[in-house]
Amino acid sequence: MCSCIFLGNQKKDIMSKAKAQQPAVIHKVIMVGSGGVGKSALTLQFMYDEFVEDYEPTKADSYRKKVVLDGEEVQIDILDTAGQEDYAAIRDNYFRSGEGFLCVFSITEQESFQATAEFREQILRVKNVNSDKSDDSIPFLLVGNKADLEDKRQVPVEEAQQRCQQWKVPYVETSAKTRANVDKAFYDLLRIMNKAKLNPRAGGKSNTLPYKKSATLKSSNVPKLKADADEQKEIKNQQKCCILQ
Amino acid sequence: MSRSGPPLVTGVAPKEGPPGTRITIRGENLGYDPKDLIGVKICGVDCLLAADWKSPSKIIARSGPGKGKGDIIVITKSGGQGTCTVGFKGYYVQIGPLQESAIWIDESQSVSSNLRHGRPSSPLFSKDDEDPLGISDEGNQAKFSEEDLLELFPEASGNMSIENFSSSWYLLENHHSTSFDDLRAGLAHMKRKAKHRSEGPIAFVKTNLSSTLDCLDSLQNMYSKFCTDDIRGEFINSYAVLLMQAKSCADGLFQEVLGRKDKADSTRNALSVLQRFKFLFYLPLNLQRNIQKGDYNMVINDYIRARSLFADTQVQVFRKVYKEVENQINEFRDMLKQKLMELPNSLENQKKLIKYLISLECSGDPAWECLVNQQKWLTTILLRCKEQHLQEEKESQPNGDVFGTPQKTSNLSRAKPGDSNSLKLEHGSSKFTNPQRIMYIEELCEILTYNLPDLWKLGQAYFSGALIVKEQTGEKAFKIDVSKHSQFKQMITDTISLFSNLVRAAFLPQTLPEKLSAEDKTKYGQWNQVIPGDWLPSCVRHIRNCVWSLSLLDLPGESPTVINDLAFDMRTNCMFTLLKQAISDIQQLHIKETWIVETDDESGGTTQLPALFENIVNETIQHLHEVVVQNKQGEPEIFGQRTVQKDSTQLCSELLQAFVPCLDCLAFTPVMAGGSSNTADDSKKRFSTSSMDFEEHSLQFDKRLIIMLSNCSHTMERIIPRLVENLNKHGYVEMNKALQTTRERYEELDSKLFEAYIEEKSNPIVGAIEQNMYRGRFDWKTCRKPVGVRNYLKDVIMKMIEVHAEVFAVSPSFVTRVTQKVVESVSEEITRVIECVTEFNEHGKLQARVELKALQETVKLYITPHAKLLEDLLNKYKSQMKFQMMCFYGDSLLRNSVSA
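Chains as they are written, first to last, in the UniProt record's numbering: chain Z, 1 to 245; chain H, 1 to 900.
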């Protein structure tokens, strides 16, 4: 309760500030990935710093909040989609409205990693982008979730990284449970999206540019984020000392 | 607490749904406790009642009847009215007029305009039905035009509400660019929807509990309000008017739809009725045509179809036509029955016909009727066959020939197969065609072997149920098995007994039961003449073939016994007859003696008679073996029965001995018959020519004797053992006994012949000795000095040489035996004559001595124990004449030395 209030207060300040400015930029992020890899968990962790233990399949959830990205306030609109095959048919509609994609898989489940390729294909198809020559590259980030379950890892880091190089997309390993790299994943994607929106037709040069830039930006941003995370960790440790163990 | 600001909703899960959707609302400052929360508005509808406060950042609510995209506003005491960054999209699952719904649907938009214009609108479909697969992926690709689709599916439509809806059309029209996986997902979606729909009212009420409770509350409220209000009559009336209006309005709305549906139904009914109608009216013609074409299966199928459709029809016209069909089918049935009863008919054909009849549900039991009929028919043709042949034989008899009508033209082509030539020659029966009875037996066998298997197989098929069409197994088939099986067995047995009796009547009348009435006797036929033996083997062959082929059928009950007995009797009869035949043949052999002596080194000279004898016996054995003795599978051993064994042994031994009288007769009879004076002198004169004198039948007696002796010995030594061995080989029993007796007979004959011959030969020689000795008034007392052996002795020796030559010419092996005997008798005679001499002078003594010595030297080789007598005599003589001998002895020494 205490922490909630504390956080709430902290955020409230940001909010009130954001409200005044009414940022025009809304980044529409879509969470994609197989069922049960932790899309909703990542989203909720990012949005509300909470980790939901029970599993309830998502249909289509919508979240939106203001975040400060490199000193600039933007709105992030997250569409948490259903991973289950049952809803595969309605994905196309969602994908069409999406601007950036967090493609999530579980490092403890090889199948989910394999499925990312299908998701990417579907996205590229809906977005009318030829996957071979990614001129109009879609902001896309590959996320390996459940990094805290290292002992059950099935997907080696190298394998994931190799796929990312092939796709020319960044790779982040996260843990929705420990909140490790959760913010980094979202912020990295936001930066790429930001860049893409600034240069709608970047051409061959911009191919690597957002990535590079994000890397540089990241370095400036990391301490803050990290501090953030650490702080929260401490708080959580005080509350429940078993989370990280 | 006081610091909490206005609520802010930043998350909604899910972001859209129909009224009643459970929504998780997340955000900030959503109230510090449940009581702090005083309002939740979703799409402008207050959903506080259904809202469940969980935490200041989480509320779980249910969406109300808000429609379209709207805000989610949370109101708290502490923070007042809040804002939101996300919205909820409420949509109606638009309810069709016949679909259940827990909430009030505003139909004004969809219905009222129609009401006003009174114009029918296309049926309403829910949002789900508009996109049943849940894939609203309409790419930018060009769609197929309706014309193209119409061309592709001329009979179909893409409209789901129309009967000829084609899913292919629909998919091409709406999803032709959708991937297969998406389509699969769509299918899963559709299935889920369908499942959801089928869950029923309880699930429906459960999911819409709040609305239902709302309704109940409202009703309660209304009720209490009505109770408190004083309702006037006019008020009620106006309600009634309104209700009537509403009713007529609803009627108007549905009337047209329902009316059209009715019309469509009746049209469809009419169409299907027409279809049946057409079929039925064409049926009689079709049936006729198919019957003519022989396409019976088609006829039956058509009929069964018609029956299932129209058997119970109440419509007059149908009844009439159906009756016609029934009549036709009855005729068809009769035709099939008739066909079935027509014989002969192939088994397959019969089975087919029976199946047809059964599937036509023919009254009675066609298969059984067919069986009975066939058995009767078989009996009839057997009897008819008998009558016919009996008749023909009778007709042929006046021609003076019993065994067959002479048909010289066809004589050669109809040579009897496998009959022995020797037997044929004897009887000359090859001049004629097969005797009537052989043809008769052939035909009988043929009839039985061709028809009985069919009958039996048909019966088996009948009892195994193979003839019963599947649908009708059950009680019917069961009934058949129990009641008629033994009857059928009896039928088979009867047929076979009839056959057996017919054959017996023709060939073995003595084996028919003695108590047979005259009627039965004529039934089986009375044949007068006994069939000649040389035809029997072919009869037996026929019968056995017939029996063998029948035994393959695995016939039931006594039938195999009856038929096997018949075959056995035929075999034994045949064997005995053939053996008897052979015996008589052998006895007749003497006619064929040619008297040509053929000499070979081993067996000596024989005529061809023994060879003929051996041939006859061997051929008979061979023939019998082929026809009678050799067992086919399942036949009893012919020598298995004691009586048969005994008889056959007896006959065999007779067979072997039959040659004896023949030889005997040859050797002696013609002498008596011819009465020719065969003197010893004649024989001497003709000796030189006798071997070539084969043309002349009345050969010299002694010649005949020696030839027959040779034949006899040859037969005894070589042929008989060979034959016995052969007989043994072929399974005849107790041949050793036969051999023994035969041998005795032959030995008897042999000695008889021998004695006769010796007598014949030695008598002239012996008789001449004394006479010749004293020829020229010779006297031992007045004997002059001997000059050499006298002529009489030379003559004797010459005669013995003659005998020797004669015997040698015929059979060198007899020479010793005969010569010994002759020499013995000659020696005896000389001894006797010399012994009778009372007195010798010196020269006489010398003469006698010289002659005796000469004889002794000549026949030294043939000395026998009897000749010892002569020796003794000589010794006696020597001792008597010692003195003289001494005297000569010295002389001879002297002479020897002089000559030396």
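All residues carry an ideal CB built from backbone N, CA and C; glycine is no exception.
By the Cβ rule, the region 278-293 of chain H counts as touching the region 302-315 of chain H, because three or more pairs are nearer than 8 Å. In the three-state scheme derived from DSSP, where H, G and I count as helix and E and B as strand, M335/H is classed as helix. Between the region 106-119 of chain Z and the region 64-80 of chain Z, the count of C-beta pairs closer than 8 Å stays below three; the two stretches do not touch. Around the beta carbon of N501/H, a 10 Å sphere encloses 16 or more other beta carbons of the protein chains shown; the residue is thus reported as buried. Against P14/H, the close residues of chain Z are K59, A60, D61, in the order they occur along the chain (beta-carbon pairs closer than 7 Å). With at least 16 other beta carbons inside 10 angstroms of its own, G100/Z counts as buried.
Think of a sphere of 7 Å around the beta carbon of K127/Z: no beta carbon from chain H falls inside it, the nearest being about 12 Å out.
T838/H carries a coil assignment under DSSP once its states are collapsed to helix, strand and coil.
With its beta carbon less than 9 Å from one in chain Z, D181/H belongs to the interface. Under DSSP, G11/H shares a beta bridge with Y63/Z, R26/H. Boundaries of the alpha helix (DSSP H) harbouring C712/H: 701-714, taken from the DSSP string. As computed with DSSP, T83/H is found in a beta bridge with L8/H. Contact of M31/Z with chain H by beta-carbon distance below 7 Å is absent, the smallest such distance being about 12 Å. The closest CA to that of E829/H, considering only N763/H, P34/H, G11/H, D181/H, is found on N763/H. With a threshold of 9 Å between beta carbons, G11/H makes contact with chain Z.
Counting along the chain, no beta strand (DSSP E) covers D148/H; the unbroken alpha helix (DSSP H) around it starts and ends at 146-152. Per the C-alpha coordinates, the member of Q374/H, Q328/H, N330/H, I329/H positioned closest to Q350/H is Q374/H. Chain-ordered, the chain Z residues with CB closer than 9 Å to the CB of T85/H read Y63, R64, K65, K66, Q75, D77. Counting only unbroken stretches of 3 or more residues, no beta strand (DSSP E) element lies wholly within the region 731-795 of chain H.
Straight across, the Cα-Cα distance linking G11/H with R260/H is about 51 Å.
The three-state reading of DSSP puts C215/H in helix, counting H, G and I together. Counting only the Cα atoms, G64/H lies some 32 Å from D251/H. Here F140/Z carries a strand assignment [DSSP, helix/strand/coil]. A Cβ of chain Z is located within less than 9 Å of the beta carbon of A188/H.
The beta-carbon of D54/Z is placed no less than 9 Å from the nearest beta-carbon of chain H.
Identification of chain H residues near E85/Z by a Cβ-Cβ cut-off of 8 Å yields A185, A188, ordered along the chain.
With a cutoff of 9 Å on beta-carbon distance, G66/H and G39/H are scored as not near each other. For the pair E16/H and A117/Z, the CB atoms are not nearer than the 9 Å cut-off. Distance from the CA of N159/H to the CA of L183/H, rounded to the nearest whole angstrom, comes to 19 Å. Contact between I354/H and C370/H holds, since their C-beta atoms are separated by about 6 Å, short of 8 Å.
In the structure shown, the three-state DSSP call for L360/H is coil. Contact between the region 14-31 of chain H and the region 51-67 of chain Z is present: three or more C-beta pairs spanning the two stretches fall below 8 Å. If you check the CB distance, V803/H and T819/H come in under 9 Å. Within its own chain, the residues whose Cβ lies closer than 8 Å to the Cβ of L360/H, once the five positions on either side in sequence are excluded, are I300, Y303, I329, F332, R333, L336, listed in chain order. T24/H and K28/Z have their alpha carbons spaced roughly 20 Å apart. Under DSSP, the beta-bridge partners assigned to M31/Z are D80/Z, L102/Z.
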